[in-house]
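**Q** Mind having a look at this structure? Questions to follow.
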Amino acid sequence: MKKLELSRRGFLASGVAVGALGLAGTYPFGARAQGTELLRLRLDGDNQILDPGYMIGGTEVEAQKQCLPFLAQYKREGDTFGWEPTYYVTKLEQRDPTHIDFELTEGLIWSNGYGPLMASDVKYSYERMKGTDWGGYFDALDHVEVTGDRTGTIVLNKPFAPFFMVTLCHGPGAILCEKATEDAGGKFTTKFPAICGPYTYEQIPGQRTTFALNPEWTGPKPGFDTVTLQVITEVKAAELAYEAGELDCTELGADTMARYAAAMPPNSSLTTAGELQYMWMGMNTEHPKLQDKQVRQAIQHAVDVDSILAGAYSGTTTKSNGIVCPGLIGHREATKSYSYDPAKARELMDASGVTGLTLTLRTLNNQERMLTSQIIQANLAVIGITVEILPLDSGPFWEMGTESAGDTWQDLQLWTMRFAGTPDPYEAAQWFVSSQVGVWNWERWTDPEYDRLYEAGLVESDPEKRNEIYLKMQDIMEETGAYVWINHEPEAYVHGTDIQISSAPSGELDYRRFARI
Amino acid sequence: MIAYLTKRLGLSVAVVFLVVLMLFSLLQLIPGDPATVALGPRATPEAVARYAEKMHLNAPVWQQFLIYAGNAATGDLGIDVFSERAVTTIILERIGFTLALIFAAMGWAMLLGIPLGCLAAVKPNTWVDRITGVLSVGTIAVPSFLVSIWAILIFAVNLRWLPAIGAGEPGDTADQLTHLILPAFAVGLSWVGYLARMVRASMLEVMGETYIRSARAFGLTQRRIVFGYALRVAILPTITLIGMGFGGLISAAVFAEIIFARPGLGKLIFDSVMARNFPIVQGGVLVATSLYLVVVLFSDLLIAWIDPRVRDSL
Numbered sequence: 001m002k003k004l005e006l007s008r009r010g011f012l013a014s015g016v017a018v019g020a021l022g023l024a025g026t027y028p029f030g031a032r033a034q035g036t037e038l039l040r041l042r043l044d045g046d047n048q049i050l051d052p053g054y055m056i057g058g059t060e061v062e063a064q065k066q067c068l069p070f071l072a073q074y075k076r077e078g079d080t081f082g083w084e085p086t087y088y089v090t091k092l093e094q095r096d097p098t099h100i101d102f103e104l105t106e107g108l109i110w111s112n113g114y115g116p117l118m119a120s121d122v123k124y125s126y127e128r129m130k131g132t133d134w135g136g137y138f139d140a141l142d143h144v145e146v147t148g149d150r151t152g153t154i155v156l157n158k159p160f161a162p163f164f165m166v167t168l169c170h171g172p173g174a175i176l177c178e179k180a181t182e183d184a185g186g187k188f189t190t191k192f193p194a195i196c197g198p199y200t201y202e203q204i205p206g207q208r209t210t211f212a213l214n215p216e217w218t219g220p221k222p223g224f225d226t227v228t229l230q231v232i233t234e235v236k237a238a239e240l241a242y243e244a245g246e247l248d249c250t251e252l253g254a255d256t257m258a259r260y261a262a263a264m265p266p267n268s269s270l271t272t273a274g275e276l277q278y279m280w281m282g283m284n285t286e287h288p289k290l291q292d293k294q295v296r297q298a299i300q301h302a303v304d305v306d307s308i309l310a311g312a313y314s315g316t317t318t319k320s321n322g323i324v325c326p327g328l329i330g331h332r333e334a335t336k337s338y339s340y341d342p343a344k345a346r347e348l349m350d351a352s353g354v355t356g357l358t359l360t361l362r363t364l365n366n367q368e369r370m371l372t373s374q375i376i377q378a379n380l381a382v383i384g385i386t387v388e389i390l391p392l393d394s395g396p397f398w399e400m401g402t403e404s405a406g407d408t409w410q411d412l413q414l415w416t417m418r419f420a421g422t423p424d425p426y427e428a429a430q431w432f433v434s435s436q437v438g439v440w441n442w443e444r445w446t447d448p449e450y451d452r453l454y455e456a457g458l459v460e461s462d463p464e465k466r467n468e469i470y471l472k473m474q475d476i477m478e479e480t481g482a483y484v485w486i487n488h489e490p491e492a493y494v495h496g497t498d499i500q501i502s503s504a505p506s507g508e509l510d511y512r513r514f515a516r517i
Numbered sequence: 518m519i520a521y522l523t524k525r526l527g528l529s530v531a532v533v534f535l536v537v538l539m540l541f542s543l544l545q546l547i548p549g550d551p552a553t554v555a556l557g558p559r560a561t562p563e564a565v566a567r568y569a570e571k572m573h574l575n576a577p578v579w580q581q582f583l584i585y586a587g588n589a590a591t592g593d594l595g596i597d598v599f600s601e602r603a604v605t606t607i608i609l610e611r612i613g614f615t616l617a618l619i620f621a622a623m624g625w626a627m628l629l630g631i632p633l634g635c636l637a638a639v640k641p642n643t644w645v646d647r648i649t650g651v652l653s654v655g656t657i658a659v660p661s662f663l664v665s666i667w668a669i670l671i672f673a674v675n676l677r678w679l680p681a682i683g684a685g686e687p688g689d690t691a692d693q694l695t696h697l698i699l700p701a702f703a704v705g706l707s708w709v710g711y712l713a714r715m716v717r718a719s720m721l722e723v724m725g726e727t728y729i730r731s732a733r734a735f736g737l738t739q740r741r742i743v744f745g746y747a748l749r750v751a752i753l754p755t756i757t758l759i760g761m762g763f764g765g766l767i768s769a770a771v772f773a774e775i776i777f778a779r780p781g782l783g784k785l786i787f788d789s790v791m792a793r794n795f796p797i798v799q800g801g802v803l804v805a806t807s808l809y810l811v812v813v814l815f816s817d818l819l820i821a822w823i824d825p826r827v828r829d830s831l
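Going down the list, the protein sequences come from chains A and B. Under the working numbering, the first residue of the first sequence carries the number 1, and numbering increases by one thereafter. Under the working numbering, the first residue of the second sequence carries the number 518, and numbering increases by one thereafter.
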C-alpha cells in the first residue's frame, strides 16, 4: 500500500482546492422564510439575568412576560395608559388604599413538575423583591397575606398610588415558582427555573432567543406558535434586516422614522408604543460659572428647541415641557417660565454682568445627541456664550454626575440627558428629590416643597389632585433655571401590515399579545 | 527546528503574559471603584460587595494579578459580571464564528488576489496590469464596514439573494455557509487588493531572476515557470503578510459582526466594552492575542516548510 505523503506543492494545491470547494458549496437562495406561525423579531443583546430581582431590564422584561405570571398588564385607553388584570387572575381589586385582594386562575401549572401556581408563589416573589436590586419598586409593600391556595391580599405599608402601573404591570411584578427558585439556589440568571406562560424559553448566546409554545400551558393560545428573536445590537442593522424581509417587526431610529414617513416600505405599518422618554439639557446649579440664576435663565431662553426637533430628530419627536411624558397624569402642555427668546436671553446675560462665558456641554456620542449639542452651541453663541462639546461613550457619560464614581461631577456644567420610565409620573419625579443630589439629581438643587410634593404624590389616589401635584413639581424644577426641556422620543416599530403588535408604554414588546391580522 | 520552535513558544508566552499584565493594569487605572465601574452607578451596595468578593477586589493588587494570571494559565478566565457564566465558555461559544469568518474572508481573497497578482506581473504595463492595479487600490481604499452596508443593500435588500443577518440555523451547515457569504465578501475584499499588489511586486522581482531566465531557456511553459517556480518564491512575503494581517482581520470582523449581527469574538469584546463587562473584555483580548500569536507562528513555520533556505537557517 502506498504511503500517503503531503508534499509542499501538494499542500498548496490541496489548500486551493478545498477553499474553492468550500466557496462553491455556498449557494444563494431566497432570503425570506415565510411561515404564518413564526414571528421574527429583534433582540438588542443577550438576556443576561432573567431573575426579576437582579435583571438589567429591557428585553429581560419581555422574556418574563412570556414565561412568568403577572397579576396586571398595561392597557391603552386612547392617548393614555391604564392597567387591567391579566389572564392569571380572576380577581384583582383594591379593597382600600393599602389592601389589594387577588384570586389566581385555577389550573395554571408550573413547568418541570413544580405543580400549580399558588398564592404562596405571589407572597414569595413579592416579599423576596424587597431585598433585591429592584427592591425600590416594593418599598410600599408590607407583606402578602395568603388566604387560600389561590387567594391572598397584598398589604401595603402606606398608600402608594403607582403600585399597579409601576410595580404589578412592570418586570418586577413577575411571579416566580417558590420551590423551583429555591431549588435553583434562590436566584437565577439565563434560565427560568420553572415557567408558567404560553411560551418556553431557549437562548443561544449571541445568536437568538426562541419562544416556542409551552405544551403545559392551559391559558389562551398566543397568536404565533414560535417567536424567534435575532440578536442585532445596532438599530440600523435591524432596519436593514427588516427591509431585507428577515424580520417581521423592529424598532426604528428617529432618522429612519422620518424616511419611512415619507416612503414606507411595501406592506408595512408604523406603530408608536409610547413616549416615555424625556430629554433635557441640564445645568449644574452649583458650578461657579452657573451659580447665577440669571445666566441659567438666559440659557433657557436662548435654546431653540424647535430647531433641535427639526434638525436633530427630523420632526419625529414630541416637544417636551417637563419630565412627565405625554399620556400621563401631570403632563405639561407648555413651559411656564421661559420660551425661546434670544432678545430676552441677551437681556438676562447683560443683567448678570457675565461676559466671555465658556461652557462645556457633555453629551453621548450618538448622532441625534451630537446634532442637538451643535444646535445648542450655535444658539448660545448668539448670546455670547462659547460652548465646547464633549462627546462621551456611555460608560463615562452615565457616571459623570455621580459622586461615588469620581470627581467629574464637580466639573459638570451643561449636559444633554435622557431618562425613560414607567407610565406613572412618580418615577420621573423621584430622581430630583434632595436625597438624589449627587446620585441622579446632577443639577444639584434642593427644594423642601418639591420633596414634600413628591411624598404627597405617592399617597394621593385622586387623579385630579395628583395632576396638580406633578404640575407644581415641574414648575419648581423649571424655576431653578437648571433645565431646558427638549423632547419625548417615541418608541416606534415598523411591522408588516398583516401583524398587530403589542407593546408596553415604555416600548417593551409583549409577543404573546401579537396577532396575525 | 525544535530549538527555534521552543524559542518562539517562549516568546509567545512572554507576550501573552505582558498582555495579561497590561489588561489588568488598565482595569486598575480606570477611575473609581472597579466594582462600581463594572456594575454601574445604580448597583446596590450589596451587589458591589458581592462582586468585590467574587473578583478578589479586597486583596492587594499584586495578589489579584497573580490570582488572575494563575487562573488564566489554567484556562479559567473568570466569570461574566451579569450572567455569572464562565468567560471561557462564553468565548468558546463565539470564537468559531470569528474563525470561520476570517478563514472564509482570507480564503476567497487568496483565491482571487494571488492569481490577479500573478496575472499583473506576467503582463506588466499592459491594460490587464492597469485594470488590476486600479481594482486593487480601489478595494483597499473602501472600508469594510461600507462594503458590508452596500453588500446588504444590494444582495439582501434589493435582490434578496442572500441573507442579511445572523449566522444561520445551528446545525444547518448549508444555511450557515450561506450566511457567511456576505460578511466574508465584505471582510475579504480589501485583502484581494493587498494580496494582488504584494504578489505582483514579489513576482516582478522573482521573474527577473536568472533561474527564471534559465527556465525559459530550457523551454518550460510560461504557466510552469509562473506557478511551478516563480510563485513558490514570490508567495513567501505574502504568507508573512497574511500572518501579520490576522490581527487586522479580527478588527475588520468586528464591523462585519456588528453590521451582519453575527456572533463572534470581536462583537463579544465590543459589546462587553460598551457594557463595561471587564472579565469578558480581558478574556476576549487575551484569546485574540493568543490566536494572533499562533497564526504568526504558524505562518513562520509554513514559510520554513516551503522554503528550504529559511528552514536551514533556523
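Note that the Cβ used here is the ideal one computed from N, Cα and C, for glycine as well. Just so you know, these numbers come straight off a predicted model, no measurement behind them.
Please return the same chain residues whose Cβ sits closer than 7 Å to the Cβ of Gly53/A, not counting the five positions on each side in sequence.
**A** As a first step, residue 53/A is located in the first sequence; it is residue number 53 there, counting from the start. Arg128, Met129, Thr132, Asp133, Trp134, Lys187.
**Q** What in chain A is Cβ-close to Asp788/B, meaning under 9 Å?
**A** Numbered from 1 along the second sequence, position 271 holds the residue referred to as residue 788/B. Chain A residues near Asp788/B: Gly45, Asp46, Gly206, Thr233.
**Q** Does the beta carbon of Arg826/B come closer than 7 Å to any beta carbon on chain A?
**A** Your numbering for residue 826/B matches position 309 in the second sequence. For Arg826/B, the answer is no, since every Cβ of chain A falls outside 7 Å of its Cβ.
**Q** Between the alpha carbons of Tyr114/A and Arg452/A, how many angstroms are there, rounded?
**A** Position 114 of the first sequence, counting from 1, holds the residue named residue 114/A. Position 452 of the first sequence, counting from 1, holds the residue named residue 452/A. Roughly 46 Å separates the two Cα atoms.
**Q** Could you check how far apart the C-beta atoms of Pro391/A and Met370/A are, in whole angstroms? I think they sit under 8 Å.
**A** Here residue 391/A refers to the residue found at position 391 of the first sequence. Here residue 370/A refers to the residue found at position 370 of the first sequence. The Cβ separation is near 6 Å, so the contact holds.
**Q** At the 7 Å Cβ level, is Arg516/A part of the contact set with chain B, yes or no?
**A** Position 516 of the first sequence, counted from the first residue, corresponds to residue 516/A. For Arg516/A, the answer is no, since every Cβ of chain B falls outside 7 Å of its Cβ.
**Q** Glu427/A: buried (16+ other C-beta within 10 angstroms of its C-beta) or exposed?
**A** Against the first sequence, residue 427/A aligns to sequence position 427. Glu427/A is buried by the Cβ-count criterion.
**Q** Buried or exposed for Glu368/A, going by 16 or more other Cβ atoms inside 10 Å?
**A** Residue numbering aside, residue 368/A sits at position 368 when the first sequence is read from its first letter. That one is buried.
**Q** Would you say Gly395/A faces chain B, with C-beta separation under 7 Å as the test?
**A** As a position in the first sequence, residue 395/A is number 395, starting the count at 1. Yes, its Cβ sits closer than 7 Å to a Cβ of chain B.
**Q** Does the stretch 464-480 of chain A come close enough to the stretch 251-258 of chain A that 3 or more CB-CB pairs lie under 8 Å?
**A** Flag = no, the stretch 251-258 of chain A and the stretch 464-480 of chain A do not touch.
**Q** Determine contact between the stretch 308-327 of chain A and the stretch 402-418 of chain A, defined as no fewer than three beta-carbon pairs at a distance below 8 Å.
**A** No, the stretch 308-327 of chain A is not in contact with the stretch 402-418 of chain A.
**Q** From this set, Gln73/A, Gln377/A, Tyr338/A, which residue's C-alpha is nearest Gln294/A's C-alpha?
**A** As a working mapping, residue 294/A is identified with position 294 in the first sequence. When only C-alpha atoms are compared, the closest one is Tyr338/A.
**Q** Less than 6 Å between C-beta atoms, sequence neighbours within five positions excluded: which residues of the same chain meet that for Lys221/A?
**A** Within the first sequence, residue 221/A is the residue found at index 221, counting from 1. Correct list: empty, nothing qualifies.
**Q** Alpha carbon to alpha carbon, how far is Leu43/A from Asp498/A? Give it in angstroms, no decimals.
**A** Translated into the one-based positions of the first sequence, residue 498/A becomes position 498. Translated into the one-based positions of the first sequence, residue 43/A becomes position 43. Distance between the alpha carbons of Asp498/A and Leu43/A is about 21 Å.
**Q** In its own chain, which residues sit with a C-beta less than 6 Å from the C-beta of Thr316/A, not counting the 5 before and 5 after it?
**A** Taking the first residue of the first sequence as position 1, residue 316/A is located at position 316. Taken in chain order, the residues that qualify are Ala254, Met257, Ala258.
**Q** Since I believe Cys635/B is in contact with Val812/B (beta carbons under 8 Å), could you give me their beta-carbon distance rounded to a whole number of angstroms?
**A** For the purposes of this step, residue 812/B is taken as residue 295 along the second sequence, with counting starting at 1. For the purposes of this step, residue 635/B is taken as residue 118 along the second sequence, with counting starting at 1. About 24 Å; that fails the 8 Å criterion.
**Q** Would Asn284/A be called buried (16 or more neighbouring beta carbons within 10 Å of its own) or exposed?
**A** Looking up residue 284/A in the first sequence gives position 284. By the 10 Å Cβ count, Asn284/A comes out buried.
**Q** At a Cβ cut of 7 Å, what residues of the stretch 230-256 of chain A count as close to chain B, listed as they run along the chain?
**A** Hits within the stretch, in order: Gln230, Val231, Ile232, Thr233, Glu234, Ala237, Leu240, Ala241, Glu243, Ala244, Gly245, Glu246.
**Q** The stretch 179-194 of chain A: which residues have C-beta closer than 7 Å to a C-beta of chain B, in chain order?
**A** Under the 7 Å Cβ criterion, the stretch 179-194 of chain A contributes Thr189, Thr190.
**Q** Answer yes or no: does any C-beta atom of chain A fall closer than 7 Å to that of Ser600/B?
**A** Residue numbering aside, residue 600/B sits at position 83 when the second sequence is read from its first letter. Closer than 7 Å to some Cβ of chain A, the Cβ of Ser600/B qualifies, so yes.
**Q** Does any residue of chain A bring its CB to less than 7 Å from the CB of Glu610/B?
**A** Along the second sequence, read from residue 1 onward, the residue named residue 610/B stands at position 93. So, interface residue.
**Q** Buried or exposed for Tyr728/B, going by 16 or more other Cβ atoms inside 10 Å?
**A** If you number the second sequence from 1, residue 728/B lands on position 211. The residue in question, Tyr728/B, is exposed, as its Cβ has fewer than 16 Cβ neighbours within 10 Å.
**Q** 7 Å is my cut-off, CB to CB: does Asp51/A come that close to chain B?
**A** As a position in the first sequence, residue 51/A is number 51, starting the count at 1. False, the Cβ-Cβ gap to chain B never drops below 7 Å.
**Q** Pick from Asp646/B, Gly685/B, Leu574/B: whose alpha carbon is nearest that of Val231/A?
**A** For this step, residue 231/A is matched to residue 231 along the first sequence. It is Gly685/B whose Cα lies nearest to the Cα of Val231/A.
**Q** Could you name the residues of the same chain whose beta carbon sits closer than 7 Å to that of Val437/A, not counting the 5 residues immediately before and after it, in chain order?
**A** For this step, residue 437/A is matched to residue 437 along the first sequence. Within the same chain, Val437/A has close Cβ partners Arg444, Thr446.
**Q** Mind checking if Asp532/A is an interface residue toward chain B, Cβ cutoff 7 Å exclusive?
**A** Summary: the structure shown does not reach residue 532/A, with chain A confined to residues 1 through 517, and so no result is reported for it.
**Q** So what does DSSP say about Ala31/A, is it helix, strand or coil?
**A** The residue given as residue 31/A occupies position 31 in the first sequence. For Ala31/A, the pLDDT reaches just 37, beneath the cut-off of 50, and the residue's location in the model is therefore unreliable, leaving the point undetermined.
**Q** Could you give the DSSP three-state label for Ser191/A: helix, strand or coil?
**A** Walking along the first sequence from the start, residue 191/A turns up at place 191. According to the sequence provided, residue 191/A is Lys. The question's Ser does not apply to it. Reduced to three states, the DSSP call for Lys191/A is coil.
**Q** So Lys91/A and Trp83/A are supposed to be a Cβ contact under 8 Å. How far apart are they, rounded?
**A** One-based indexing of the first sequence puts residue 91/A at position 91. One-based indexing of the first sequence puts residue 83/A at position 83. Not confirmed; about 14 Å, so no contact.
**Q** Taking 7 Å as the limit between beta carbons, can you name the residues of its chain near Pro680/B, skipping five residues before and five after?
**A** Here residue 680/B refers to the residue found at position 163 of the second sequence. For Pro680/B, where only same-chain residues beyond five positions count, the Cβ hits under 7 Å are Ala673, Thr695, His696.
**Q** Taking 7 Å as the CB-CB cut-off, is Arg793/B touching chain A?
**A** The residue you call residue 793/B lines up with position 276 of the second sequence. Taking Cβ atoms only, chain A reaches closer than 7 Å to Arg793/B, which makes this a yes.
**Q** Only counting runs of 4 or more residues, tell me where the alpha helix (DSSP H) segments fall wholly within the stretch 565-604 of chain B, in order along the chain.
**A** Taking only runs of at least 4 residues, the alpha helix (DSSP H) segments lying wholly in the stretch 565-604 of chain B are 578-590.
**Q** Out of Thr209/A, Leu240/A, Thr218/A, Ile175/A, which one is the CA nearest neighbour of Asn675/B?
**A** Here residue 675/B refers to the residue found at position 158 of the second sequence. The candidate whose alpha carbon is nearest that of Asn675/B is Leu240/A.
**Q** Quick one: is Met761/B buried, meaning 16 or more other Cβ sit within 10 Å of its Cβ, or exposed?
**A** For the purposes of this step, residue 761/B is identified with residue 244 of the second sequence, where counting begins at 1. With fewer than 16 Cβ atoms within 10 Å of its Cβ, Met761/B is classed as exposed.
**Q** Could you check what DSSP says for Thr497/A in three-state terms: helix, strand or coil?
**A** What you label residue 497/A is simply residue 497 of the first sequence in a count that begins at 1. Thr497/A: coil per DSSP, three-state reduction.
**Q** State buried or exposed for Ser503/A, treating a residue as buried only when at least 16 other CB atoms are found within 10 Å of its CB.
**A** In the first sequence, counting from the first residue as 1, residue 503/A sits at position 503. Looking at its Cβ environment, which holds 16 or more other Cβ atoms inside 10 Å, Ser503/A is buried.
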